[in-house]
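Colleague:
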Amino acid sequence: MATVELTTANFDEVTGSDGIVLVDFWADWCGPCKRFAPVYERSSDKHSEIVFGKVDTEAQQELAAKFDVRSIPTIMAIRDGVIVFAQPGALPESALENLIEQVQALDMDDVREKLAGHSH
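Letter by letter, the sequence shown follows residues 1 to 120 of full-length UniProt numbering.
1) Which partner residues does residue 201 have in the DSSP bridge list?
2) Check this for me: beta carbons of residue 88 and residue 72, under 9 Å apart or not?
3) To the nearest whole angstrom, what separates the beta carbons of residue 26 and residue 57, a pair I think is in contact under 8 Å?
4) Are residue 24 and residue 81 close, meaning C-beta to C-beta below 9 Å?
5) Opposite residue 82 in the DSSP bridges: which residues?
6) Which of the three DSSP states is assigned to residue 74 in this structure?
7) With distances taken between CB atoms, is the gap from residue 84 to residue 55 smaller than 9 Å?
8) Does the distance from the C-beta atom of residue 96 to that of residue 51 stay below 9 Å?
9) Tell me the rounded alpha-carbon separation between residue 68 and residue 106.
10) Just the Cα atoms here: how many angstroms apart are residue 30 and residue 108?
11) Out of curiosity, what's the CA-to-CA distance linking residue 7 and residue 62?
Spelled out as structure tokens, the structure:
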């Protein structure tokens with residue numbers, strides 16, 4: 001599956017549904033972003049069950065600010081509408097695959113329980 005361009009108009013709709021969404025915050029002028037892009041694309045071809053989204057931080061400054069993105073690229077993993085991972089820096093292909101495996105293995109009931117415990 002090709003990557004999906006995420007904007008303020010579609011971000012909540014795409015990331016709020018069940019399943020896994022990976023988000024790559026990037027910019028055209030960012031060297032590490034450009035080097036990471038082919039890794040991200042290859043991974044999107046391998047994992048058709050996952051939505052691979054990209055946020056152009058120049059065009060979507062509001063989204064970058066909403067998620068406090070201070071360094072790019074930043075990778076975010078969202079599962080069933082819950083942000084389960086966010087980290088700046090381009091990942092090597094093996095680390096990206098490892099991240100995907102970890103997100104797939106999460107017990108989301110356990111994650112929601114822990115989140116509920118933190119909100120009190």
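Every residue gets a Cβ at the ideal spot worked out from N, C-alpha and C, and that includes glycine.
Modeller: Based on what the coordinates show:
1) No answer is possible for residue 201: the residues shown for the chain start at 1 and end at 120.
2) yes
3) Contact holds; Cβ gap of about 7 Å.
4) no
5) According to DSSP, which records beta bridges pairwise, residue 82 is partnered with 79.
6) strand
7) no
8) no
9) 24 Å
10) 34 Å
11) Cα atoms of residue 7 and residue 62: separation of roughly 9 Å, rounded to the nearest angstrom.
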